[in-house]
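First the structure, in the form of C-alpha cells, and then the observations on it.
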Amino acid sequence: METCRGRCRRRKKNSSTLDGAAAALIAESLAVTEGVEAGRCGLAEAEGRIRTAALGFAAQAVGGILSGPAQRAAGVDAPYGRRGMRTAKILSSVGEVSYSRAYVTGKDGKRDFPADRALGITCGCTPTAAKLLCHEAARSQSYLQASENLSLASGLSVSPSTVHRLVAAVGPDMEKWSLERPPAAVEDGREVVVCLEMDMTGVRMLKKYLKGAKGMDGAPKCRQIKCGTLFLMERDGKGRYCRLPGTAVHIVSFCDPASFSAALEEARLKLGVRPGTALIVVSDGAEWIWNIVSDRFREATGIVDFWHAADHLHKLCEFVEGKGDAAEALFKEWRRKLKVYGVDCVIRHFEKLDLKKAKRKGLRERLRYFRNHRDRMQYRRFRREGWPIGSGAIEGACKSLIKQRTDLSGQRWSPDGALDILWVRALITDGLHDDYWTGSRDREATVREAVFAA
C-alpha cells in the first residue's frame, strides 16, 4: 500500500501542477482583457483563447483526479502484484489529459492496468468522453461531421477514425447490455398494455457483403434489416390507448426471424410489466411477421396496419373498375366501411360481384390477402376496445432511426458497422444511453456473431 509520505508527496505535486495551470489561466485572461481594451484582440479571438486556457486548466484537474483520488476511491491505486507505473494520454470531456496508473503482469507476460477497468476507460477515453463521442457520432450524418461538431461545440480535437473505432468497439456491448439490463418499473395500479410493431428496411452494403442477396430490379444494393419496437400504452380520457412517453424499446438486427423474435421477447421483459399483461401486435401483412407472432407471441392480439390494408383495397378496386374516377370512388366508399365495420363486409361485397370469368381468378387472388388476415382486420372491434390500428411507430423508426443515418449519399456499410451505429442511436432514442455509461464495465470485450460473411 502507498505510504502516508508518498500520498503527501503526490498531493503536493498535484497541487503544484494545478497552481501552475490556474496561474496560466489567470495570466491568459488578463492578457486577453488587455488585448481587447487595446483593440488588438477581437471578441471571437478572446473567447477562443479563454476557452483554450480554461480547458487546459480543467484537463490538469481531471488528470490529477484520475491519477489519484479516483483510483484510491476504487481501491486500485496500489493493486496486488504491481510492477510499476505508466503514464498515458487519454481523452476526457475537457480534452487530452495525462493519466498515471499502476500495472501488473499476467501469466502470459502481458501488462494489465486494473485502474483502466475500474474507471471504465474505453478506447483511450473516459466514460464521459466516450459517451459524448458516441452521442455525436449517432446524431451526425457521418463520422467526419461528428469530429467537426465536437471541435466546434466542445473544443475537442478528435479524428473521425477515432470516433469510428470507439463506436465499433462499444456497439456490440450496447446490444448485449440492452438485453441484459434490469427491467424498468411500472407503477402499480396502472392499466397498461404492451404494443409490439415490426418491419424491415434496406441498408446499402459494400459489394462484398451482397453475395447471395437478391435485388428487386437488377443487382442487389441492400441487405434487409429487421426493426422492432415495444412500448406501453394506457387509456386516455376517451377510452383510447395512447403511447406512454419514455417506455419504448427498439431492436435492430440482420439475423434470422427466430433470433430476432427471441430478442423481442427479451425486450418485452425489460418493460417491467406483470405476466399476463395484454400484448397488441400492429404491423403490415408480411408473412415473416405473423409467423413470428404465431410462434413466439401466440397470446397476442394481431392487427394489420389499417393503411397497409387500405393500400391492398385500393389495388383491388383498380382491378375491378380499372384506373380512374370510378375506382377512386369505390375505394373511398369501401375504405370507410373497412375502418368502420371491419373486413368481413369488404370480402362479402367483392365476392358477390358479377365479373367475367377471366377476372374471377384475379379477384380471388386479391381477396386472399383479406381472407388470410380476416381476424387481424376487425377494425370495428379494435377501435371499440381503444386499440391502435396503425403502425406509425415502426414506420417512423425505420426512417428516423435507420434511414436517416445509413441511407445518405455515398454511404455503404458492413453489417457490423451499421449495427454498431444503429445500436447507439437506439439507446439514445430509448433514453438508455446515459444508463449504459454508468458504472464500470468491460465495454470492449463483446464480439458479435457474424450474420453473413463477406
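Residue numbers (this note's numbering): 2 to 455.
In this text, a Cβ means the ideal position worked out from N, Cα and C, and glycines have one as well.
These numbers come from a predicted model, not from an experiment.
Rounded to the nearest angstrom, what separates Arg-406 and Arg-241 at their Cα positions?
34 Å
Taking buried to mean at least 16 other C-beta atoms within 10 Å of its own C-beta, is His-165 buried or exposed?
buried
Taking a contact to mean a Cβ-Cβ separation below 8 Å, would you say Val-168 touches Ile-429 in this structure?
no
Skipping 5 residues on each side, what residues in its chain have a beta carbon closer than 8 Å to that of Leu-233?
Val-187, Val-193, Val-194, Val-195, Cys-196, Arg-244, Leu-245, Thr-248, Leu-272 and Val-274
Pair every Cβ in the region 386-406 with every Cβ in the region 152-162, then say whether three or more of these pairs are closer than 8 Å.
no
When DSSP builds the beta bridges, which residues end up paired with Lys-90?
Ser-99, per the DSSP bridge assignment.
Return the CA-CA distance between Ala-147 and Cys-126, expressed in angstroms with no decimal places.
16 Å
How many angstroms separate the CA atom of Leu-133 from the CA atom of Gly-203?
Near 28 Å, if we compare the C-alpha coordinates of Gly-203 and Leu-133.
Quick check for students: name the residue ranges of the alpha helix (DSSP H) that lie wholly in the region 322-354, counting only runs of 4 or more.
326-342 and 345-352
Excluding sequence positions up to five away, which residues of its chain have a Cβ less than 8 Å from the Cβ of Gly-96?
Leu-56, Gly-57, Ala-59, Ala-60, Gly-156, Leu-157 and Ser-158
Are any of the Cβ atoms in chain C nearer than 8 Å to that of Ser-254?
The structure shown has no chain C; it contains just one protein chain.
Buried/exposed call for Val-439, threshold 16 Cβ in 10 Å
The question names Val, but residue 439 is Thr in the sequence shown. With fewer than 16 Cβ atoms within 10 Å of its Cβ, Thr-439 is classed as exposed.
Would DSSP call Leu-233 helix, strand or coil?
strand
Alpha carbon to alpha carbon, how far is Ala-119 from Thr-53? Give it in angstroms, no decimals.
30 Å
How big is the Cα-Cα spacing for Tyr-210 and Ile-226?
13 Å
Per-residue DSSP class, three states only, for Met-217:
coil
Helix, strand or coil: which one does DSSP assign to Asp-113?
strand
Quick check: the region 76-91 against the region 109-119, are at least 3 beta-carbon pairs closer than 8 Å?
yes
Hey, would you say Val-341 sits closer than 8 Å to Pro-173, going by beta carbons?
no
Inspect the beta-carbon positions of Thr-230 and Glu-198 and report whether they are closer than 8 Å.
yes
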